[in-house]
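Under full-length UniProt numbering, think of the first position of the sequence shown as 1, with each following residue one higher.
To start, the structure under review is shown below, and the notes come after it.
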Amino acid sequence: MDNLVTESPVLRVGRSLLTVWEWNSPADSETGYTTLPAAVKVPGLSGIKWVGSESYHAALKDNGTLWVWGTGGQEDNTGLPKTPTPVSSLYNVKSVVFNGDSLVALTNSGAVWSSVGGWKSSDSGVPGYPIKLQKMSSQSGIISIETNGMFNLVQNQKGEYWIWRAGSNQKLLQKIISLSNIARLELNLDGFAAVRKDGTVWTWGYKYAADGQLSFTQPRQIKGLHAPVSFATGENSKYAVLKDGTVAAWGTNMFGQLGISALDSRPFTVSPLLKPVTLIIDGQTVEPLQPPVFKEGRVLVPLRDVAQSLGYTIGSVGGIMTLTKDGNVVALQDGNYELGNGRILPMGEGIKVSYTSMVPAAQLAQALGFATRWEGSLYSLTLQSKQENMINLIQQ
């Protein structure tokens, strides 16, 4: 299908006439999934400007009406119509948020409509309790809406934030008073994420008392993070996009998911995402466990991995680390490279990433007799031995 403007897992909106198309996922087979069937046009829908698909489907027309319908699958217990049907008495919708069973709609007048019922609804202990959309009578003058499938969060014109349990008719409704001077509040980072007017970032969680009442944990500041524009959460890892377009990450990093050029299971504080550097030694790409890092105009490389890739043997004499190749010995002492001919070269300021010693590539290459070339557009560092370089010149 061509000319897509909006896409969800099972729905697509075509640009021509802004129609909606859908398809059903194929059944499992012994060899995996079969070929995805062709999309089928959803009847009765045109002029669509937004479409969403979670445990049911929803579409917003350009005339401000909201249409909902069930998935039609065997597990569809929503009680919604099988074909797109407009929500009765709901008009002039300007935005919709959708997560799981929970859908929240905001009208031009600042009124809020929300889904009631569903699997997580506290209004019924029966899974698959029929879902219906209804107006939240106590909410007016609302300017923003959000849902994470567990809670609904709204902000009014006064700057107040109110929360209630998703899928309910404002059960556990309460005003957020955990933190003052909030510039922006989101249901994110495994709880609540707030950016205060001074740019500091604070997070807190929630808990239920024995009587079922909702309470909140004490807000805690995320040190080293200032005025982010958005957040994202992974598995035990968290991310923030900053105003300059860069990204910061924190949390655990067992699989390198933080993107900070480190591989370690221990928790990390807020750190900038670093673009990986490609390392090439004598024409061969080398992939050390700890990749090189480009930081503040310098390329830092893992000392041991690079030295061994260059053919050096790592040793120790009197507690002093040595690099040996073809009888030539370079000792690392007091922040210097001590060459066998008595020459001393400064190592430059290095860093520790996880448990790996990272040293400036230029100084290491000079001490070991290699030429360096940095290609910023490719984020590539080349180390080439003088012998290899001479062979290349002769061949040319």
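We treat Cβ as the ideally placed atom computed from N, Cα and C, and that holds for glycine.
Among the options, which has the Cα closest to the Cα of residue i?
i           : options                : result
residue 400 : L310, N236, G256, L225 : No answer is possible for residue 400: it lies beyond the span of the chain, which begins at 1 and ends at 396.
K207        : F151, G283, L106, S114 : F151
N169        : V104, I48, G212        : V104
I182        : D282, A194, S377       : A194
A111        : Q363, T269, G118, Y91  : Y91
V42         : E22, E375, S53         : E22
E146        : I163, I131, S138, K132 : I163
P360        : T382, V299, Q366       : V299
N148        : L18, G100, N336        : G100
N236        : G245, N253, Q221, K223 : N253
V241        : Q139, V201, W50        : V201
I143        : E160, M136, S137, K135 : E160
F83         : L45, F98, D62, K197    : First, the residue type needs correcting, since residue 83 is Thr and not Phe in the sequence shown. It is L45.
W250        : K243, G234, D244       : G234
V306        : G297, M136, A365       : A365
Q308        : E349, T285, K325       : K325
G297        : G376, D198, K135, L18  : G376
D62         : G47, Y56, E75, E54     : G47
Roughly how far, in whole angstroms, is the beta-carbon of residue i from the beta-carbon of residue j, given that I think they are within contact range, below 8 Å?
i           : j    : result
T203        : P219 : 7 Å
N156        : G167 : About 22 Å; that fails the 8 Å criterion.
N188        : F216 : Contact doesn't hold; Cβ gap of about 15 Å is too wide.
M358        : V301 : 7 Å
T278        : L378 : 7 Å
L172        : L133 : Not quite, the Cβ-Cβ distance comes to about 20 Å (not below 8 Å), so this is no contact.
residue 401 : V330 : Because residue 401 is not part of the residues shown, which for the chain are 1 to 396, the question remains open.
G64         : V93  : 5 Å
I131        : G205 : That pair is no contact at about 27 Å.
Q384        : D282 : 6 Å
W113        : T85  : 15 Å between Cβ atoms; not a contact.
W50         : A59  : 7 Å
Consult DSSP for residue i and reduce its assignment to one of helix, strand or coil.
i    : result
V229 : coil
V5   : Only weak support exists for where V5 lies, its pLDDT of 45 falling under 50; the value from the coordinates is given anyway. DSSP places V5 in strand when its eight states are reduced to three.
S309 : helix
Q366 : helix
L381 : strand
R304 : helix
A361 : helix
L133 : strand
L36  : coil
V112 : strand
L273 : coil
L80  : coil
L332 : strand
L18  : helix
R343 : coil
K171 : coil
D123 : In this prediction, D123 scores a pLDDT of 49, lower than 50, which makes its location untrustworthy; the coordinate-derived value is nonetheless stated afterwards. It is coil, neither helix nor strand.
G315 : strand
V87  : coil
T278 : strand
W23  : coil
Measuring only from the beta carbon, is residue i closer than 7 Å to any heavy atom that is part of the ligand FMN?
i    : result
G149 : Among the ligands in the structure shown, none appear at all, so the ligand FMN cannot be discussed.
With 8 Å as the threshold, decide whether the Cβ of residue i is near any Cβ in chain C.
i    : result
G297 : Looking at the structure shown, chain C is missing, and only one protein chain is on hand.
Using a Cβ distance threshold of 8 Å, determine whether the segment 286-300 contacts the segment 269-277, with at least three qualifying pairs required. Contact between the segment 286-300 and the segment 269-277 is present, with at least three C-beta pairs closer than 8 Å.
Three-pair Cβ contact test at 8 Å for the segment 70-77 versus the segment 106-114: The segment 70-77 is not in contact with the segment 106-114.
Which runs of the beta strand (DSSP E) at least 3 residues long sit entirely within the segment 195-257? Give them in chain order. Listed in chain order, the beta strand (DSSP E) elements of length 3 or more contained wholly in the segment 195-257 are 200-204, 206-208, 214-216, 220-226, 230-233, 237-241, 247-253.
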